[in-house]
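Residues 1 to 347 (UniProt numbering) are what the sequence shown spells out, left to right.
Here's the structure, in structure tokens; my notes come after.
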Amino acid sequence: MQFRKQLAVKKLSIKMGTGDLAKYPFLNEAGEYLRQSGFGWDELDRPDTKDIIERAAERVRIAAAGNVYEKLDRYETEILTFIVTLIMVKSIGLEPVLRKYALAEARRAEKFLTDDLKKQSDAQKRALFSKIFEDLFGLKIDVTEDGRLFKVKVTDYLMRSSHFHEQEWKMINRLVQGGQVFLDADETVRLVRNELSVLITSRVRAMNLPTLPQSIKQKVEELRTELAPRYEYRTYAVTDYPPCVKHALEVMARGENLPHSARLMLATYMLAIGKPIDEIVEMFKNAPDFNERITRYQVEHLAGSKGSRTKYSVPSCEKLRTENLCFATAECNGIINPVQFGRKKRK
């Protein structure tokens with residue numbers, strides 16, 4: 001195709017290779033790469049660009065299903081596919097689709113970043129990753145002399161790790177030296193996971209759509225018709241639930257992600273009060289990373305019908321407080337577990 005030839009001609013003028021741009025197409029260099037190629041949107045109505053449209057639609061569908069688009073076989077094509085996908089998501093105009101898409105793209109980039117950080121071996125690669133973290137997240141990372149660990153400032157670490165509830169992220173459990181916290185590749189990327197999703201979401205929201213080629217308009221209408229019915233969610237009365245459960249349901253209703261500990265609390269509470277598994281699975285449907293098969297297995301595991309066959313208890317109020325999941329009101333006085341909420345009133 002003509003536009004691929006144009007892209008290839010410009011490849012040498014870009015500091016970052018097309019392989020890097022295909023992995024991290026949200027970088028400004030990717031947009032500059034396409035601008036230098038001279039590619040125009042009107043070319044997307046040509047028959048030989050149909051593959052771009054179909055790949056972009058596939059990327060949207062995969063994200064909406066809670067999965068990650070993994071293709072990386074044709075670099076120039078994937079760079080353009082990413083841009084077309086952004087336009088499709090913007091044009092579809094469904095907030096849950098945007099959230100799921102942003103999370104899926106963040107998870108895709110997270111995988112590439114983690115793999116590349118583990119394999120980084122030369123100064124050029126280290127400079128590339130330092131640029132990505134600093135340009136996108138304002139996070140300066142250094143590499144230890146042996147190249148096995150990464151270092152970030154304590155202040156940067158605390159600002160981001162405060163959102164995590166697992167014990168291993170507490171400062172007391174970290175290696176700290178000279179005002180810097182030491183992390184492995186997985187932890188370094190995990191530190192910015194949420195920021196990457198937010199970055200992609202904000203990029204889509206800030207887009208001013210051009211006059212779209214007819215080929216994209218048709219595909220957008222097809223996707224909207226296909227996806228819209230998935231997001232006609234049931235609403236749940238939450239007046240009788242304890243504040244911690246109410247808060248979790250409100251977060252889910254907004255289509256936002258709950259931390260793992262909050263999901264465990266919500267699922268075990270619903271099981272404890274006798275909600276059927278099908279209804280509990282339905283409650284998680286708004287989550288950007290919702291996957292019905294995985295969610296059902298996890299709920300059944302907590303119920304004791306799968307896995308270890310051990311039924312999990314609802315976390316205590318004390319544990320919820322340590323994990324910043326407690327939103328107690330006066331009605332919570334005297335209870336030590338959410339399942340006790342409202343018993344005095346009912347009596």
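Heads up, the beta-carbon is just placed ideally off N, CA and C, and yes, glycines get one too.
Whole-number beta carbon distance between residue j and residue i, since they are thought to touch under 8 Å
i, j, result
"residue 348", "Arg203", "This structure cannot settle anything about residue 348, because the visible part of the chain is limited to 1 through 347."
"Leu34", "Ile83", "7 Å"
"Val154", "Val189", "The pair is not a contact, with the Cβ atoms about 19 Å apart (cut-off 8 Å)."
"Thr329", "Pro213", "Not confirmed; about 54 Å, so no contact."
"His247", "Phe327", "5 Å"
"Ser215", "Leu44", "6 Å"
"Ile92", "Val220", "6 Å"
"Leu264", "Ala287", "With a Cβ gap of about 13 Å, Leu264 and Ala287 do not count as contacting."
"Thr223", "Lys90", "The sequence as given places Leu at residue 223; Thr does not occur at that position. So it is not a contact: roughly 12 Å between Cβ atoms."
Sequence-distant residues of its chain with Cβ nearer than 6 Å to residue i (five each side left out)
i, result
"Leu191", "Arg160"
"Ile79", "Leu21, Ala22, Pro25, Ala30"
"Thr235", "Confidence at Thr235 is low in this model, with a pLDDT of 45, below 50, so the placement of that residue should be treated as unreliable; the coordinate-derived value is given next. Around Thr235: no qualifying Cβ."
"Gly334", "none"
"Tyr75", "Thr18, Gly19, Ala22"
"Ala272", "Val314, Val339"
"His301", "Gly307"
"Thr295", "Val281, Phe284"
"Gly179", "Val154"
"Cys332", "none"
"Ala64", "Val97, Lys100, Leu227"
"Met207", "Lys90"
"Leu175", "Phe182"
"Leu12", "Model confidence at Leu12 stands at a pLDDT of 29, short of 50, so the residue's coordinates are unreliable; what they give is reported in the following sentence. So no residue of the chain qualifies."
Whether residue i touches residue j by CB criterion (8 Å)
i, j, result
"Leu139", "Val152", "yes"
"Val245", "Pro338", "yes"
"Leu94", "Ala228", "yes"
"Phe133", "Asp116", "no"
"Gly19", "Phe290", "no"
"Glu110", "Leu196", "yes"
"Leu325", "Ala262", "yes"
"Phe150", "Asp142", "yes"
Sequence-distant residues of the same chain with beta carbon closer than 8 Å to residue i, five excluded per side
i, result
"Thr81", "Ile52, Arg55, Ala56, Arg59"
"Thr201", "Leu98, Arg99, Ala102"
"Ile62", "Val68, Tyr69, Ala104"
"Val238", "Low confidence applies here, because Val238 scores a pLDDT of 46, under 50, leaving its location unreliable; read the following figure in that light. If we look at Val238 and ignore the five residues flanking it on each side, its Cβ neighbours are Val245, Lys246, Leu249, Glu250."
"Thr77", "Arg4, Asp51, Ile52, Arg55"
Residues near residue i in its chain [Cβ-Cβ closer than 7 Å; skip 5 each side]
i, result
"Lys311", "Ala303, Gly304"
"Ala106", "Arg193, Leu196, Ser197, Ile200"
"residue 351", "Within the shown structure, residues of the chain are numbered from 1 to 347, placing residue 351 beyond reach of any answer."
"residue 350", "A query on residue 350 cannot be resolved here, the shown segment of the chain reaching from 1 to 347 and no further."
"Glu32", "none"
"Arg108", "Val68, Tyr69"
"Ala127", "none"
Short CB-CB distance (under 8 Å) between residue i and chain C
i, result
"Glu222", "Chain labels in this structure do not include chain C; a single protein chain is all it has."
Requested in this report: Evaluate the contact criterion for the segment 278–285 versus the segment 180–187: three or more CB pairs, one atom per stretch, below 8 Å.
Outcome: Look at the beta carbons and you see the segment 278–285 not touching the segment 180–187: under three pairs across the two are nearer than 8 Å.
Query raised in the report: Which whole runs of the beta strand (DSSP E) in the segment 51–89 are 3 residues long or more, in chain order?
Result: Segments of the beta strand (DSSP E) lying fully in the segment 51–89: there are none.
Report task. Pick out the complete beta strand (DSSP E) segments inside the segment 247–274, 3 residues or longer, and give them in chain order. Result -> Taking only runs of at least 3 residues, no beta strand (DSSP E) segment lies wholly in the segment 247–274.
Report task. May I have a chain-ordered list of the alpha helix (DSSP H) segments no shorter than 4 residues that lie completely inside the segment 161–224? Result -> Runs found: 185–190, 193–206.
Query raised in the report: Taking only runs of the alpha helix (DSSP H) that begin and end inside the segment 22–50, which ones reach a length of at least 4 residues, in chain order?
Result: You should have 28–37.
**Report entry** Segments assigned alpha helix (DSSP H), at least 4 residues, entirely inside the segment 291–343
**Finding:** If we require 4 residues or more, the alpha helix (DSSP H) runs fully inside the segment 291–343 come out as 292–303, 317–322.
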